[in-house]
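Okay, structure first, notes after.
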Amino acid sequence: MFAMRMNRVFGFGALALGLMVSTSQAAYIEPLLRYGFDGGTITDSGLSNGASTAADGSYVNDAAATTDTPFGFSTGAMDTNGGTEDYATGGDADKLDNLGSLTITAWVNFQSTPDGNDRIVSKLFNNSGPLTGWDFRMANSGFLGFSELNATGFNTTQSAGSISTGPGWQFIAVSYNAGSKSATFYSGAEAAAVASLGGSSNGAFSVPGDTTADVRVGSTAGSSSDRSPDALFDDVRVYAGALSGSQIETVRREASTLLYQTSFDGTLDTLPTGWGVLQGAAGPSGWRLDGNGSYRLDGSGTGVTEYTGALENGGDATNLDNIVIETSFAKSGDNVGGIIARAQDNDSFYHVRLYGMNDALEIYRFDDGANTRIAFMNATDTYNNGEVWSLKVALIGDLIEAWLYNQDGTQVAFASATDSTFASGSVGLRATPQASYKNFRVLSIPSPAALPAGLGLFTLTMIRRRRRL
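Next up, the structure:
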């Protein structure tokens with residue numbers, strides 16, 4: 003871990019969407035593991051926590067994708083209602099080992115009454131590794147259970163209240179506090195806020211350690227019996243830390259939605275579909291696809307390009323407000339690489355960038371061409387020519403937050419600012435030659451008005467994050 007340095011002027015406190023421990027405050031926080039089941043695939047969009055690869059999953063046996071989702075906010079969910087032992091596996095996700103306290107959330111829709119010991123999410127000893135692990139499961143008669151395995155044995159607790167075991171989407175969660183050796187359970191629904199189902203402590207609980215078991219949704223590696231409920235699953239998450247009830251309610255209401263993503267495949271020397279040039283040229287001496295999965299800026303002079311094409315939700319790409327933008331890029335030496343957001347035209351937008359002269363993460367406001375730096379932080383690492391670094395930017399109301407990750411996936415800077423000049427607009431890229439972007443992704447997030455009242459100030463862990471290449 004390393005200490006972050008933050009200029010006092012730009013260290014703004016904010017509401018948190020999750021709980022982790024750190025030295026810098028952030029409003030948008032991601033889980034360690036997140037399966038959205040969109041597009042028929044199982045992609046892990048969570049933080050890496052030092053893992054070299056993401057815990058992308060696969061369907062096992064008759065588990066398959068479905069378009070039945072809670073709220074209709076996503077494009078897919080998982081259906082295990084096909085046979086015996088139907089589930090999703092993400093392999094041995096090392097980032098979920100040795101967590102201590104943790105929180106698991108999931109949307110479930112039972113298609114038939116689940117049996118006691120049917121699993122929701124599990125990473126439990128599989129008879130070929132250390133005696134450790136955890137799982138979130140069904141107990142009898144609709145009660146929820148949490149289990150933790152350590153040298154003292156298989157230790158469990160369950161909820162005081164029960165959930166519906168019939169059809170219909172419901173939101174369930176368990177918050178495990180390793181310090182107090184207790185687990186608290188929660189449930190909610192599409193039209194019902196999260197409520198506590200109670201829980202209890204178990205003096206034999208400890209910190210779940212390192213297990214070679216694979217993480218599974220709808221099953222467990224800790225049993226040879228069929229532990230798969232006939233159910234639909236969506237937006238399954240694992241967080242580091244014991245989230246409170248109000249934080250878990252935020253997760254229920256979050257419903258982040260993928261709006262657009264690209265890996266910049268396409269014909270050499272053309273523009274990607276839906277992209278246009280605001281500053282600079284297009285073609286071999288400007289913005290162009292290089293035919294090898296990169297969107298480049300060559301030639302000379304600053305270049306700005308924006309995306310105004312189709313969105314996954316059918317919305318307007320020129321009117322994006324509360325969003326998260328992610329991209330991975332390489333650049334030459336002291337030059338600039340970054341993104342634009344809430345763009346009005348070719349010289350009015352927010353610009354978040356890595357500035358090569360001093361390896362700083364900077365947030366700028368360009369207003370009719372006049373630029374003002376409104377936040378910055380010097381990176382704790384030095385950018386070397388040609389390395390692929392990653393940038394994440396969250397815009398939530400008047401709040402702008404930015405994270406910078408080096409080639410190893412380590413977070414090396416965080417900066418934030420508040421500014422109300424632009425409420426919405428298009429997104430894109432801004433750079434000086436030569437720059438090469440490997441991917442670009444945009445997600446929608448809730449407006450500040452959608453967040454529940456009563457959340458306090460929380461902080462973000464310095465977490466190693468995988469590169470999105």
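Numbering (this note's numbering), first residue to last: 3 to 471. No residue lacks a Cβ here, since even glycine has one placed at the ideal position from N, Cα and C. Model, not experiment: these values are computed from the prediction.
Query: Does the stretch 258–276 come close enough to the stretch 409–416 to have 3 or more Cβ pairs within less than 8 Å?; Result: no
Query: Note down, in chain order, each residue of its chain lying with its Cβ closer than 8 Å to the Cβ of Ser-68, except the 5 sequence neighbours on either side.; Result: The amino acid at residue 68 is misidentified as Ser; the sequence shows Thr. Gly-78, Ala-79, Met-80, Asp-81 and Leu-234, listed in sequence order.
Query: Phe-148 and Phe-138: beta carbons closer than 8 Å?; Result: yes
Query: Measure the C-alpha to C-alpha separation of Thr-264 and Arg-375 and round it to an integer number of angstroms.; Result: 29 Å
Query: Could you tell me which residues DSSP puts in a beta bridge with Gln-263?; Result: Arg-443
Query: Going by C-alpha distance, which of Asp-292, Ile-250 and Phe-39 is nearest Ser-198?; Result: Ile-250
Query: Taking just the CA atoms, how far does Arg-290 sit from Leu-34?; Result: 34 Å
Query: Whole beta strand (DSSP E) runs in the stretch 265–349 with 3 or more residues, listed along the chain?; Result: 277–281, 289–291, 297–299, 305–309, 325–333 and 338–347
Query: Apart from the five residues on each side of it in sequence, which residues of its chain come closer than 7 Å, Cβ to Cβ, to Leu-101?; Result: Pro-210 and Ala-242
Query: Leaving out the 5 sequence neighbours to the left and right, which residues in its chain are closer than 7 Å to Thr-167 when beta-carbon positions are compared?; Result: Phe-112, Thr-115, Pro-116 and Gly-144
Query: Would you please state the rounded distance, in angstroms, between the beta carbons of Glu-308 and Leu-273? I believe it to be under 8 Å.; Result: Glu-308 to Leu-273, Cβ: 11 Å. No contact.
Query: Where does Arg-239 fall in DSSP's three states?; Result: strand
Query: Residue ranges of each beta strand (DSSP E) run of no fewer than 3 residues wholly in the stretch 38–104, ordered along the chain?; Result: 60–62, 66–68, 79–81 and 89–91
Query: So the candidates are Ala-191, Gly-285, Tyr-297 and Thr-186; which of them puts its Cα closest to the Cα of Ala-244?; Result: Thr-186
Query: Please go through the same chain and pick out, in chain order, the residues whose beta-carbon is closer than 7 Å to the beta-carbon of Ser-161, but skip the five residues on each side of it.; Result: Phe-145, Leu-146, Phe-187, Leu-199, Gly-200 and Gly-201
Query: Just how far apart, CA to CA, sit Ser-164 and Ala-191?; Result: 14 Å
Query: Kindly indicate the opening and closing residues of the beta strand (DSSP E) around Thr-252.; Result: First-last for Thr-252: 247–256, but that is the alpha helix (DSSP H), not the beta strand (DSSP E).
Query: Looking only at its own chain, which residues have a Cβ that is under 8 Å from the Cβ of Asn-83, when we skip the five neighbours before and after it?; Result: Gln-113, Ser-114, Asp-232, Ala-233 and Leu-234
Query: Who pairs with Asn-111 in a beta bridge, going by DSSP?; Result: Leu-234
Query: In terms of alpha-carbon separation, which member of Ile-106, Ala-66 and Leu-126 lies closest to Gly-48?; Result: Ile-106
Query: When we look at the beta-carbon of Met-140 and count the other beta-carbons within 10 Å, is it buried (16 or more) or exposed?; Result: buried
Query: Drop a sphere of 10 angstroms on the beta-carbon of Gln-27, count the other beta-carbons inside from all chains shown, and report buried for 16 or more, exposed for fewer.; Result: Residue placement at Gln-27 is flagged as unreliable, the pLDDT there being 38, under the threshold of 50; the coordinate-derived value follows with that caveat. Gln-27 should be labelled buried.
Query: Count the other CB atoms, across all protein chains shown, that sit within 10 Å of the CB of Asn-387; report buried if there are 16 or more and exposed otherwise.; Result: exposed
Query: Considering only the beta carbon of each residue, do Thr-45 and Arg-121 sit closer than 8 Å?; Result: no
Query: If I follow the unbroken beta strand (DSSP E) through Thr-382, where does it start and stop?; Result: Looking at the DSSP string, Thr-382 is not in any beta strand (DSSP E), and its letter there is neither H nor E.
Query: What first and last residue would you give for the beta strand (DSSP E) that runs through Leu-34?; Result: Where Leu-34 is concerned, there is no enclosing beta strand (DSSP E), given that its DSSP letter is neither H nor E.
Query: Relative to the C-alpha of Tyr-418, which candidate in Ile-398, Thr-154, Thr-434 and Ala-56 has its C-alpha closest?; Result: Note that residue 418 corresponds to Ser in the displayed sequence, not to Tyr. For Ser-418, the nearest C-alpha among the options comes from Ile-398.
Query: Whose C-beta lies closer than 6 Å to the C-beta of Gly-92 among residues of the same chain, with five residues either side of it excluded?; Result: Ala-57, Gly-59 and Val-217
Query: Cβ of Ser-164 less than 8 Å from any chain B Cβ?; Result: Reference to chain B is not applicable here, since this structure consists of a single protein chain.
Query: So for Ser-189, helix, strand or coil by DSSP?; Result: strand
Query: Are Asp-94 and Asn-63 close, meaning C-beta to C-beta below 8 Å?; Result: no
Query: With a threshold of 16 other CB atoms inside 10 Å of the CB of Gly-371, please say whether the residue is buried or exposed.; Result: exposed
Query: Alpha carbon to alpha carbon, what distance is there between Thr-134 and Arg-254?; Result: 29 Å
Query: Looking only at its chain, what residues have a beta carbon closer than 8 Å to the beta carbon of Ala-1, apart from the 5 residues adjacent to it on each side?; Result: Within the shown structure, residues of the chain are numbered from 3 to 471, placing residue 1 beyond reach of any answer.
Query: What residue does the beta strand (DSSP E) around Trp-405 start on, and which one ends it?; Result: 401–407
Query: Given a cut-off of 8 Å on the beta-carbon distance, is the pair Asn-204 and Thr-159 in contact?; Result: yes
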